[in-house]
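There are 2 protein chains.
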Amino acid sequence: MCQLLGMNCNTPTDITFSFEGFRRRAGLTDHHTDGFGIAFFEGKGVRIFRDNRPGASSPVADLVSEFKIKSFNVISHIRKATRGDINLENTHPFIRELWGENWVFAHNGTVEGVGVCEECHYQPIGSTDSEAAFCCLVSQLRERFNKKPTEKEIFDAVVEITSEIATKGVFNFILSNGHWMIARCSTNLYYVTRKAPFCKALRDDDVEIDFSQYTTEKDKVTIIATQPLTKNENWVKMKNGGYVFFKDGDLIEEIEGTLPNNQTHV
Amino acid sequence: MCQLLGMNCNTPTDITFSFEGFRRRAGLTDHHTDGFGIAFFEGKGVRIFRDNRPGASSPVADLVSEFKIKSFNVISHIRKATRGDINLENTHPFIRELWGENWVFAHNGTVEGVGVCEECHYQPIGSTDSEAAFCCLVSQLRERFNKKPTEKEIFDAVVEITSEIATKGVFNFILSNGHWMIARCSTNLYYVTRKAPFCKALRDDDVEIDFSQYTTEKDKVTIIATQPLTKNENWVKMKNGGYVFFKDGDLIEEIEGTLPNNQTHV
Chain V
1 MCQLLGMNCN
11 TPTDITFSFE
21 GFRRRAGLTD
31 HHTDGFGIAF
41 FEGKGVRIFR
51 DNRPGASSPV
61 ADLVSEFKIK
71 SFNVISHIRK
81 ATRGDINLEN
91 THPFIRELWG
101 ENWVFAHNGT
111 VEGVGVCEEC
121 HYQPIGSTDS
131 EAAFCCLVSQ
141 LRERFNKKPT
151 EKEIFDAVVE
161 ITSEIATKGV
171 FNFILSNGHW
181 MIARCSTNLY
191 YVTRKAPFCK
201 ALRDDDVEID
211 FSQYTTEKDK
221 VTIIATQPLT
231 KNENWVKMKN
241 GGYVFFKDGD
251 LIEEIEGTLP
261 NNQTHV
Chain D
1 MCQLLGMNCN
11 TPTDITFSFE
21 GFRRRAGLTD
31 HHTDGFGIAF
41 FEGKGVRIFR
51 DNRPGASSPV
61 ADLVSEFKIK
71 SFNVISHIRK
81 ATRGDINLEN
91 THPFIRELWG
101 ENWVFAHNGT
111 VEGVGVCEEC
121 HYQPIGSTDS
131 EAAFCCLVSQ
141 LRERFNKKPT
151 EKEIFDAVVE
161 ITSEIATKGV
171 FNFILSNGHW
181 MIARCSTNLY
191 YVTRKAPFCK
201 ALRDDDVEID
211 FSQYTTEKDK
221 VTIIATQPLT
231 KNENWVKMKN
241 GGYVFFKDGD
251 LIEEIEGTLP
261 NNQTHV
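Going down the list, the sequences are from chains V and D.
Residues 1 to 266 (full-length UniProt numbering) are what the first sequence spells out, left to right.
Residues 1 to 266 (full-length UniProt numbering) are what the second sequence spells out, left to right.
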């Protein structure tokens, strides 16, 4: 299985603190060593860095850490291959243009038998179930809406289409078009929103940061991850079948899912 | 105007020597300072690095030089903005998925009034004439061929569609799907094929390389560029309206164009 990391905020934010903890799981603190990728939205453009080497030791990941790129929306993924060879075209996040926007997608889990017909608008390039599922999603969206619909219509359609795909296996994912971020949970997905009053956070490798040194009172930064990245924050555990729609760091829409309890990880 | 650089070869080749000379034109030896980009095919995947800072001083370009990534097909571009703001989404090369492959495109020149209809398969993300022309090309290809046709059919269709676009201005471009490389000349485009017996080449900034130290007898490496990058090689100057189709470093198809003389730059 793989791990996901997403960030959605109302001010361009440097994800380095979270990314550094996350990438350690790709070879140091965990075994997700079959490639990593990270996509930073910048205006309508996307900077995307991918490597089929482990995130913990990849020189591409070193560059990402050194650059401290600031962005409103970031999606990252570290891979433990279950379907598809270890190569660049099978490395998340995947990207397609839809309605003149970059759409970026990363998946954790395995979905069996997602069909992408030859007539479908978007075709997979690699051999992962994840890219096939993404192509299926954006093809169906494009078929339903020839022009870009409202955000509410997009969220509802994404929920409907991906709920169907999710019947085929485990389907945790993070999706963004640079304006908003949608995440779905099948098994493991947590989020935390950092806002004033900002305090110190302690990463699971015991590195500490004082967010109040780097932020203003208006900042809102939401982090979404397969497992909590810090020890002392209230990460909300999403439920099976749950969806969240974040914009400018705020939770705009939510579908709760079906697990009995909303557990928090402190 | 901008400058183009392409490489097509029969063995994975490090483009650093050519790229280092090329990027010096982005701020040092010339004025193409409005961004740079480079795409390396790796299997069916693409590593793409873009920056809206000048290629000569961009840390992303430093990384590219340090990494010495080997590839069969590379397309690079340094930008002098004529249409569209200086930002990431307007930075070449542009990329789209067509028939389950990555297609990469970079343009030098300006084409006026290329229309991309709302129903077109591919929509531009940024505001350049170049991306609109690329979307127009791949949309028409997708419309003509629902499945991937033969390479000859692709070349003929690219020639037909882009000859029409070229009536709207200056249209030098390089295009690749990772298997082959097509280039078109309106004003300035040169190529050289390096093969055994390999010899020394002298870059225009007087840096010398002895290719025989880095190659085998079977290697073939074709470099395509807006201006010759070395002083002592026989660069073939393409003619206005000329097209070339390279595969594994070999010239497979050619349309000569209409300029009176095929000049060489020695």
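Think of the CB as a built atom: it goes at the ideal place given N, C-alpha and C, for glycine as much as any other residue.
- Within the DSSP bridge table, the entry for Y191 (chain V) names V:I224, V:V236 as partners.
- Here K231 (chain D) has L202, D204 as same chain residues with Cβ atoms under 7 Å from its own Cβ, once five neighbours each way along the sequence are excluded.
- F19 (chain D): member of the alpha helix (DSSP H) spanning 16 to 24, first to last residue.
- A straight-line Cα-Cα distance of about 7 Å links A183 (chain V) and N172 (chain V).
- Nearest C-alpha to K148 (chain V) among V:H179, V:C135, V:D129, V:A132: V:H179.
- Interface flag for R23 (chain V) against chain D is unset, since no Cβ pair is found closer than 9 Å.
- For W99 (chain D), the nearest beta carbon of chain V is closer than 9 Å to its own beta carbon.
- Under the three-pair Cβ rule at 8 Å, the region 50 to 60 of chain D does not count as touching the region 156 to 175 of chain D.
- Distance from the CA atom of E253 (chain V) to the CA atom of K152 (chain V), rounded to whole angstroms, is 9 Å.
- Three or more beta-carbon pairs separated by less than 8 Å link the region 86 to 106 of chain V to the region 32 to 49 of chain V, which places the two stretches in contact.
- Selection D:S130, D:E42, D:W103, D:I69 evaluated against D85 (chain D) yields D:S130 as nearest (Cα-Cα).
- As the crow flies, the alpha-carbon of A132 (chain D) is around 14 Å from that of E119 (chain D).
- Each residue's CA atom was taken as its position, placing P54 (chain D) and G242 (chain V) some 44 Å apart.
- Under the three-state reduction of DSSP output, A106 (chain V) falls in the strand class.
- Apart from sequence neighbours up to five positions away, the residues of its chain that approach F245 (chain D) with a beta-carbon distance below 8 Å are E151, F155, W180, M181, I182, L251, I252, E253, E254, ordered along the chain.
- Taking C-beta atoms as the reference points, E89 (chain D) and I125 (chain D) count as a pair closer than 9 Å.
- Secondary structure at P197 (chain D): coil, using DSSP grouped into helix, strand and coil.
- For C2 (chain V) against N108 (chain V), the beta-carbon gap comes to about 5 Å, under 8 Å, which counts as contact.
- Note: G169 (chain V) is bridge-paired with V:V111 in the DSSP secondary-structure output.
- The beta carbon of V46 (chain V) falls within 9 Å of a beta carbon belonging to chain D, placing the residue at that interface.
- The Cβ-Cβ distance between I209 (chain V) and I174 (chain V) does not fall below 9 Å.
- Taking a Cβ-Cβ threshold of 8 Å, the residues of chain D close to T91 (chain V) are G45, in chain order.
- Close to chain V, meaning a Cβ-Cβ distance shorter than 8 Å, are the following residues of the region 106 to 136 of chain D: E118, E119, H121, Y122, Q123, P124, I125, G126.
- By the neighbour-count criterion, in which 16 or more other beta carbons inside 10 Å mark a residue as buried, Q213 (chain D) falls on the exposed side.
- Non-local beta-carbon contacts of C185 (chain V) in its own chain, meaning distances under 6 Å to residues more than five positions away in sequence, involve N172, M238, G242 in chain order.
- The CB of R79 (chain D) never comes closer than 7 Å to any CB in chain V; the least such distance is about 13 Å.
- Under DSSP, H77 (chain V) forms a beta bridge with V:L4, V:G37.
- If you ignore the 5 residues before and after V159 (chain D), its C-beta comes within less than 7 Å of the C-beta of Y243, I255, all in its own chain and listed in chain order.
- Within the same chain, E217 come within 6 Å of A196 (chain V) by CB-CB distance, once the 5 residues on both sides are set aside.
- Looking at V:N177, V:V221, V:K200, the one whose alpha-carbon comes closest to that of C9 (chain V) is V:V221.
- Among the residues of the region 136 to 151 of chain D, those with a Cβ less than 7 Å away from any Cβ of chain V are N146, K147, in the order of the chain.
- Relative to the Cα of F198 (chain V), the nearest Cα in the group V:L98, V:D219, V:R23 belongs to V:D219.
- In the structure shown, the three-state DSSP call for T128 (chain V) is coil.
- Among the residues of chain D, those whose CB is under 9 Å from the CB of P59 (chain V) are L63, E66, F67, following chain order.
- At the C-beta level, S71 (chain V) and L4 (chain V) stay beyond 9 Å of one another.
- With its beta carbon at least 9 Å from every one in chain V, R194 (chain D) lies outside the interface.
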